[in-house]
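Structure, as structure tokens:
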Amino acid sequence: MQLAKLLHASGFHVTFVNTEHIHRWLVRTRGPESVKGLPDFQFRAFPDGLPPSDKDATQDPHDICHATQHYCLQPFMELMNQLNSTPEDQEAVMNPPVTCIVSDGGMTFSTKAAELLGVQHATFWPASACAFLAYLQFDELIRRGISPLQGIATLEKPLEWIPGMNNIRLRDMPSYATTMADAAGDIILFHTIKNAVRNSLKSSGLIINTFDALEGPVLAAIEAEFSGQLYSIGPLHLLGEQIGSGSDESRSRIGSSLWKEDLKCVEWIDRREADSVVYVNYGSFTTISAEQLMEFAWGLAESKRPFLWILRDDVVMGDSAVLPVEFLEEIKDRGCIANWCPQPQVLSHPAVAVFLTHCGWNSTMESVSAGVPMICWPFFGDQPTNRRYACSEWGIGVELSVDVKRGEIVDLVERVMSTEEGQGMKQRALEWKRRAREAIDAGGSSINSFTRFVEDHATGVDHGANA
Numbered sequence: 007m008q009l010a011k012l013l014h015a016s017g018f019h020v021t022f023v024n025t026e027h028i029h030r031w032l033v034r035t036r037g038p039e040s041v042k043g044l045p046d047f048q049f050r051a052f053p054d055g056l057p058p059s060d061k062d063a064t065q066d067p068h069d070i071c072h073a074t075q076h077y078c079l080q081p082f083m084e085l086m087n088q089l090n091s092t093p094e095d096q097e098a099v100m101n102p103p104v105t106c107i108v109s110d111g112g113m114t115f116s117t118k119a120a121e122l123l124g125v126q127h128a129t130f131w132p133a134s135a136c137a138f139l140a141y142l143q144f145d146e147l148i149r150r151g152i153s154p155l156q157g158i159a160t161l162e163k164p165l166e167w168i169p170g171m172n173n174i175r176l177r178d179m180p181s182y183a184t185t186m187a188d189a190a191g192d193i194i195l196f197h198t199i200k201n202a203v204r205n206s207l208k209s210s211g212l213i214i215n216t217f218d219a220l221e222g223p224v225l226a227a228i229e230a231e232f233s234g235q236l237y238s239i240g241p242l243h244l245l246g247e248q249i250g251s252g253s254d255e256s257r258s259r260i261g262s263s264l265w266k267e268d269l270k271c272v273e274w275i276d277r278r279e280a281d282s283v284v285y286v287n288y289g290s291f292t293t294i295s296a297e298q299l300m301e302f303a304w305g306l307a308e309s310k311r312p313f314l315w316i317l318r319d320d321v322v323m324g325d326s327a328v329l330p331v332e333f334l335e336e337i338k339d340r341g342c343i344a345n346w347c348p349q350p351q352v353l354s355h356p357a358v359a360v361f362l363t364h365c366g367w368n369s370t371m372e373s374v375s376a377g378v379p380m381i382c383w384p385f386f387g388d389q390p391t392n393r394r395y396a397c398s399e400w401g402i403g404v405e406l407s408v409d410v411k412r413g414e415i416v417d418l419v420e421r422v423m424s425t426e427e428g429q430g431m432k433q434r435a436l437e438w439k440r441r442a443r444e445a446i447d448a449g450g451s452s453i454n455s456f457t458r459f460v461e462d463h464a465t466g467v468d469h470g471a472n473a
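Sequential numbering of the sequence shown, starting at 7, is according to the working numbering.
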């Protein structure tokens, strides 16, 4: 959505296409105004072929993989043909034909759709460049007999043959690389993501939300395998601030978050001292067990630090996030629990000292951009790779064990907030913040890359080209 807003601000007519499931989710959580759009920024949806599910449930990833590979092309093409119809009335001026498809890397059917339509196609990779490069190695992992995993003995062994990734270990690779050989469902995900990344190399352009200073060697290794144009345009949320994304009215009518934000938590954090707050958020999709919920709760309570804890309604697997009365009594004067928040605003707040995160890429980039050190608790997908870079390459993170315990949470909070090591992490985080800002300022690598993308795909923009 951030990219779509930037393209809109640059003169493109934008049609933002979701599956029906995501479209309904946005309407339910943020209201119909969030998808009302504008005359030159419209929202459309197409059937996704997914089985019926509870309206608040996150779709099963195996079902999503099957749908994108076997079902989505036809309904997507039908939607494209609707957009390209040219009635002889004023609507044709406001809805020009599609000239470029910019698609999420997982939407592999869009490559074929662009070919059938005879239009440009660019892939937007929403995760990190290091994750993209790691996924490119999956064929080699198979060839070397490393994946699917036969046992855990090789998890700590460095994979020295991967270009641009210094001595990365197997356990630092995206979680699908450590799929066990007998896990049939996960094997499907392994091959799906492997094929999706390879499919991205067929695009004429590859867009990644990163900046050159942060992932330079990785970006160079990707360029060596990609015949098209590579555009590193992050941090996207900062680039949006630099370029602008329209009026207050347009921003309110072009929603982005899947969850409605609770602004009371911002009022709460405004009352806290500088560098005093532990901010905790597991992202939009991560789920935890009831036991893990209790360990996090009492770890935060026993840290004796003020904290802002984001707990989605569906964060506990198969249950609701119920916290004991004695915990709520313990933290009533220094804890704030909310369903969702405007995360970039929270992370850039002077009160926030450390971010306990699942290491999703948006969260990681927002933390880097705000100069906030991280306590890293990766869950799946690219998150282990992002954790490795935050902790080992960029020097701004510490790792929380998978089997989370309250005492370790207390120890890591103190390590980041009260030790010389933590002070060093903070200084490095502030330096990355400076370099992130430098990338999107005039003449910076990311704003130059975005300008290049616009110029490369600007055929007909002055006449309202539809992207």
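Backbone N, C-alpha and C define an ideal beta-carbon position, used for all residues, glycine too.
All values reported here derive from a predicted model rather than from experimental measurement.
Chain D contact for residue i (CB, 7 angstroms cutoff)
{"i": "K270", "result": "Judged by its chain identifiers, the structure shown contains no chain D, having just a single protein chain."}
Extent of the continuous beta strand (DSSP E) run through residue i
{"i": "T185", "result": "No beta strand (DSSP E) holds T185; DSSP gives it neither H nor E."}
{"i": "M431", "result": "No beta strand (DSSP E) contains M431, which is instead part of the alpha helix (DSSP H) from E426 to I446."}
{"i": "H364", "result": "Careful: H364 lies outside any beta strand (DSSP E) and carries neither H nor E."}
{"i": "C382", "result": "M380 to C382"}
{"i": "N287", "result": "V283 to N287"}
{"i": "R278", "result": "That residue, R278, is in no beta strand (DSSP E); it is neither H nor E in DSSP."}
{"i": "H14", "result": "Careful: H14 lies outside any beta strand (DSSP E), inside the alpha helix (DSSP H) at Q8 to A15."}
{"i": "W131", "result": "Q126 to W131"}
Proximity winner among the options, relative to residue i (alpha-carbon distances)
{"i": "K266", "options": "Q8, S40, T21 and M323", "result": "S40"}
{"i": "R36", "options": "D268, V284 and S424", "result": "D268"}
{"i": "V358", "options": "L122, H364, V422 and M323", "result": "V422"}
{"i": "E414", "options": "G341, P312 and E301", "result": "E301"}
{"i": "N345", "options": "F291, G305 and I168", "result": "F291"}
{"i": "K208", "options": "I316, L236 and T216", "result": "L236"}
{"i": "F18", "options": "C106, M86, P53 and W31", "result": "C106"}
{"i": "M171", "options": "D192, T184 and A226", "result": "A226"}
{"i": "P312", "options": "P164, C271 and N24", "result": "C271"}
{"i": "E26", "options": "R150, A73, Q156 and R393", "result": "A73"}
{"i": "A202", "options": "E166, S238 and A137", "result": "A137"}
{"i": "H243", "options": "A464, A442 and I337", "result": "A442"}
{"i": "R177", "options": "L147, H355, L122 and P356", "result": "L147"}
{"i": "R30", "options": "P356, A51 and K310", "result": "A51"}
{"i": "L85", "options": "A119, Q75, G111 and A464", "result": "A119"}
{"i": "S309", "options": "V419, L122, N215 and I194", "result": "V419"}
{"i": "P390", "options": "G377, P379 and V404", "result": "V404"}
{"i": "V104", "options": "E121, G112, M113 and G111", "result": "E121"}
Where the alpha helix (DSSP H) containing residue i begins and where it ends
{"i": "C136", "result": "A135 to L142"}
{"i": "L353", "result": "Q349 to L353"}
{"i": "S109", "result": "Careful: S109 lies outside any alpha helix (DSSP H), inside the beta strand (DSSP E) at C106 to D110."}
{"i": "N90", "result": "L79 to N90"}
{"i": "R34", "result": "E26 to R36"}
{"i": "N3", "result": "The structure shown does not extend to residue 3, since the chain is modelled only from 7 through 473, so no value can be given for it."}
{"i": "T117", "result": "F115 to L123"}
{"i": "F291", "result": "F291 -> no alpha helix (DSSP H), and no H or E assigned at all."}
{"i": "E461", "result": "S451 to D462"}
8 angstroms contact criterion, which residue i and residue j should meet: CB distance rounded
{"i": "G250", "j": "A15", "result": "6 angstroms"}
{"i": "D388", "j": "S153", "result": "Not a contact, Cβ separation roughly 16 angstroms."}
{"i": "H364", "j": "G305", "result": "That pair is no contact at about 15 angstroms."}
{"i": "I228", "j": "L165", "result": "That belief does not hold up - the Cβ atoms of I228 and L165 are roughly 17 angstroms apart, past 8 angstroms."}
{"i": "F144", "j": "A189", "result": "With a Cβ gap of about 15 angstroms, F144 and A189 do not count as contacting."}
{"i": "V360", "j": "I381", "result": "6 angstroms"}
{"i": "A280", "j": "P180", "result": "Between P180 and A280 the Cβ distance is about 36 angstroms, and since that is not below 8 angstroms, they are no contact."}
Straight-line Cα distance separating residue j from residue i
{"i": "T350", "j": "F385", "result": "It should be pointed out that residue 350 corresponds to Pro in this sequence rather than to Thr. Those two C-alpha atoms are separated by around 21 angstroms."}
{"i": "A307", "j": "A396", "result": "26 angstroms"}
{"i": "I205", "j": "S109", "result": "The residue asked about is misnamed: residue 205 is Asn in this sequence, not Ile. The straight-line gap from Cα to Cα measures roughly 12 angstroms."}
{"i": "I174", "j": "I70", "result": "30 angstroms"}
{"i": "D339", "j": "V284", "result": "14 angstroms"}
{"i": "I453", "j": "D447", "result": "7 angstroms"}
{"i": "V321", "j": "E461", "result": "42 angstroms"}
{"i": "G450", "j": "E437", "result": "16 angstroms"}
{"i": "L362", "j": "A230", "result": "35 angstroms"}
{"i": "A303", "j": "S326", "result": "14 angstroms"}
{"i": "F115", "j": "I158", "result": "35 angstroms"}
{"i": "W315", "j": "L220", "result": "28 angstroms"}
{"i": "V125", "j": "Y77", "result": "21 angstroms"}
{"i": "T21", "j": "V410", "result": "43 angstroms"}
{"i": "H127", "j": "N368", "result": "23 angstroms"}
{"i": "P348", "j": "L245", "result": "17 angstroms"}
{"i": "R277", "j": "I343", "result": "15 angstroms"}
{"i": "P169", "j": "L89", "result": "42 angstroms"}
{"i": "P45", "j": "S282", "result": "45 angstroms"}
{"i": "Q96", "j": "F47", "result": "For Q96, the pLDDT reaches just 44, beneath the cut-off of 50, and the residue's location in the model is therefore unreliable, although a value from the coordinates is still provided. Q96 and F47: Cα-Cα distance of roughly 16 angstroms."}
{"i": "F130", "j": "K432", "result": "31 angstroms"}
Residue i: CB within 6 angstroms of a non-hydrogen atom of the ligand SAM
{"i": "S290", "result": "By its list of ligands, the structure shown contains no ligand whatsoever, and the ligand SAM lies outside what it can speak to."}
Legend entry - Length at least 4, wholly inside the segment 212-254: the alpha helix (DSSP H) runs in chain order: 218-231 and 242-249
Inset, instruction - Identify every run of the beta strand (DSSP E) within the segment 302-361, keeping only runs that are complete inside it and at least 3 residues long; order them along the chain. - result: 313-316 and 341-344
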